[in-house]
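87 is the number that my numbering gives to position 87 of the sequence shown; each next residue is one higher, with no gaps.
Read the structure below first, then the notes.
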Amino acid sequence: MRPLSEQFPSEAHPQILVGLAEPDDAAVCRIDENRAIVSTADFFPPVVDDPYDFGAIAAANALSDVYAMGGRPLMAINLVAWPDDLDKAILAEILRGGGDKVREAGAVIAGGHSISDAEPKYGLSVTGEVHPGQIMHKSGARPGDRLILSKALGTGVVTTALKRGIATQEQVDIAVRSMSRLSRQAAALAQAHQVSAMTDITGFGLIGHALEMARLSGVDFVLEFERVRLLPGAEAFARQGVFPGGMDRNLEYFAQWVDEVSVLPDFARGLLYDPQTSGGLLMAVAEARADDLLAALEAKGEAAYELGRVVAGTGRITVRAEAG
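And the structure:
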């Protein structure tokens, strides 16, 4: 299924710098020459068992869109769907986890809205700010750029393994730390090293979000599967076919723009299409600045790595792999 942003007509407005006409991670509205508002929203059902961790993960995921645009979060509104018969103490822990993560981002919870629903859901509507001249876009990747991702892949696989009762506590703990880690530091370093384009990796998986960058930039991406860093347990679970349903939907839609130099094993292909929760920032950066950016990310404790390059093209992805 193609992204909803492609299915709705856009509306032109002189103050809207980023909207439906140029799909990106968040909307941006100019206030004046030096200020613009960044606006986004995201919420979903629990992906882990611990309520506090779920709240922190959902908040980090929503905040990530502001960071992907080069912005600074200012405030957030809680978005809650809650069953009438589910203990409100659980909700309190979710809200505490989300609130702590928002405060870590230097922002504030300024309100909220809740509805009754059969399935619990939580997330945020986030408002941030950015200088109009410093907005980061998905477009802008150039041939010769190197591709860097700031987090390991595999959250969809590991959380599905958790739901099936086959993930170890250590595997879950590492995945939770990755998902709840803010992209603030990685985004600041990306800006300091003048990346050409940037987006965060979430529900469309690495392939889906990389394709958005490639298509909007009018280039092709070449990805090396062996360079992809995976969360502990992710490869083993993938080899067992432990994937969330969203992987199949991503594969069905996005594969038409993907070329495999050699046929990928099913587990490897699945990991590239695996829907991520609060995944990393995918950055395209000029060859001359890539090594310095990687070193800076590593020095700050980011799990960043290079996984490919940008070449001339028309918006496709080539995947190279020797995985067996």
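Beta carbons: idealized from backbone N, C-alpha and C, even for Gly.
Residue i burial status per 10 Å Cβ neighbour count (16 or more: buried)
i: R215; result: buried
i: N34; result: exposed
i: G70; result: buried
i: A115; result: Sequence inspection shows Ile at residue 115; the Ala mentioned does not correspond to that position. By the 10 Å Cβ count, I115 comes out exposed.
i: D42; result: buried
i: I31; result: exposed
i: V130; result: buried
i: K345; result: Outside the modelled stretch of the chain, which goes from 1 to 324, sits residue 345, for which no answer is possible.
i: D25; result: buried
i: K88; result: exposed
i: V66; result: buried
i: T155; result: buried
i: H13; result: exposed
i: Q256; result: exposed
i: T199; result: buried
Contact set for residue i: own chain, Cβ-Cβ below 8 Å, skip 5 residues either direction
i: L86; result: P120
i: R309; result: G144, D145, R146, L147, F221, V222
i: L294; result: I148, A304, Y305, E306
i: V18; result: D24, A26, A27, V28, M69, I135, H137
i: R84; result: In the sequence as presented, Arg is not what sits at residue 84; that position holds Asp. Counting only Cβ-Cβ distances below 8 Å, and skipping sequence neighbours, we find S116.
i: A118; result: P83
Residue i (DSSP reduced to helix, strand or coil)
i: A323; result: Below a pLDDT of 50, predicted positions are generally treated as unreliable, and A323, at 47, falls in that range; the measurement from the model is reported next regardless. In the structure shown, A323 sits in coil (DSSP, three-state: anything other than H, G, I, E or B).
i: Q15; result: coil
i: F54; result: helix
i: M198; result: strand
i: A286; result: coil
i: H209; result: helix
i: E336; result: Outside the shown range of the chain (1 to 324) lies residue 336, about which nothing can therefore be said.
i: T159; result: helix
i: R227; result: helix
i: A60; result: helix
i: L95; result: helix
i: L86; result: coil
i: R30; result: strand
i: A118; result: coil
i: A214; result: helix
i: A152; result: coil
i: G112; result: strand
Bounding residues of the beta strand (DSSP E) (the contiguous stretch that carries residue i)
i: P23; result: Note, P23: premise wrong, no beta strand (DSSP E); not H, not E.
i: N78; result: 72–82
i: F44; result: 36–44
i: R146; result: 146–149
i: A312; result: 305–312
i: L223; result: 219–224
i: K121; result: 121–130
Same chain, Cβ closer than 6 Å to residue i, five either side skipped, listed in chain order
i: V172; result: L162
i: A59; result: G98, K101, V102, L124
i: L264; result: A321
i: D53; result: V176
i: V159; result: Correcting the residue identity first, residue 159 is Thr in this sequence and not Val. Same-chain partners within the cutoff: V47.
i: S150; result: A186, G280, L281, E302, A304
i: A290; result: R146
i: G313; result: V219, D220
i: Y273; result: G205, I207, M247, N250, L251
i: R72; result: G128, E129
i: G270; result: A238, F243, M247
i: R316; result: D220, W257
Other residues of its chain near residue i: CB distance less than 7 Å, five sequence neighbours each side excluded
i: S262; result: A321
i: I174; result: L231, P232
i: M1; result: Confidence in M1 is poor, its pLDDT being 47 and thus under 50, which makes the residue's placement unreliable; the coordinate value appears in the next sentence. R249, Y253, listed in sequence order.
i: R239; result: F267
Expected contact under 8 Å - CB spacing of residue i and residue j to nearest Å
i: V126; j: T202; result: That pair is no contact at about 14 Å.
i: G128; j: I77; result: In fact, because the Cβ distance is near 13 Å, the residues do not count as touching under 8 Å.
i: V311; j: F237; result: With a Cβ gap of about 32 Å, V311 and F237 do not count as contacting.
i: G133; j: S196; result: Between S196 and G133 the Cβ distance is about 15 Å, and since that is not below 8 Å, they are no contact.
i: L153; j: Q276; result: 7 Å
i: A107; j: L74; result: 6 Å
i: A296; j: R184; result: So it is not a contact: roughly 14 Å between Cβ atoms.
Limits of the unbroken alpha helix (DSSP H) element including residue i
i: G140; result: Unbroken run through G140: none, as it is neither H nor E.
i: S178; result: 169–180
i: E260; result: Where E260 is concerned, there is no enclosing alpha helix (DSSP H), although the beta strand (DSSP E) it sits in stretches over 258–260.
i: M247; result: 245–254
i: Q240; result: From DSSP, Q240 is part of no alpha helix (DSSP H); its letter is neither H nor E.
i: Q191; result: 184–192
i: A268; result: 266–273
C-beta neighbour in chain B for residue i, strict 8 Å
i: L147; result: Looking for chain B here will not work: only one protein chain is present.
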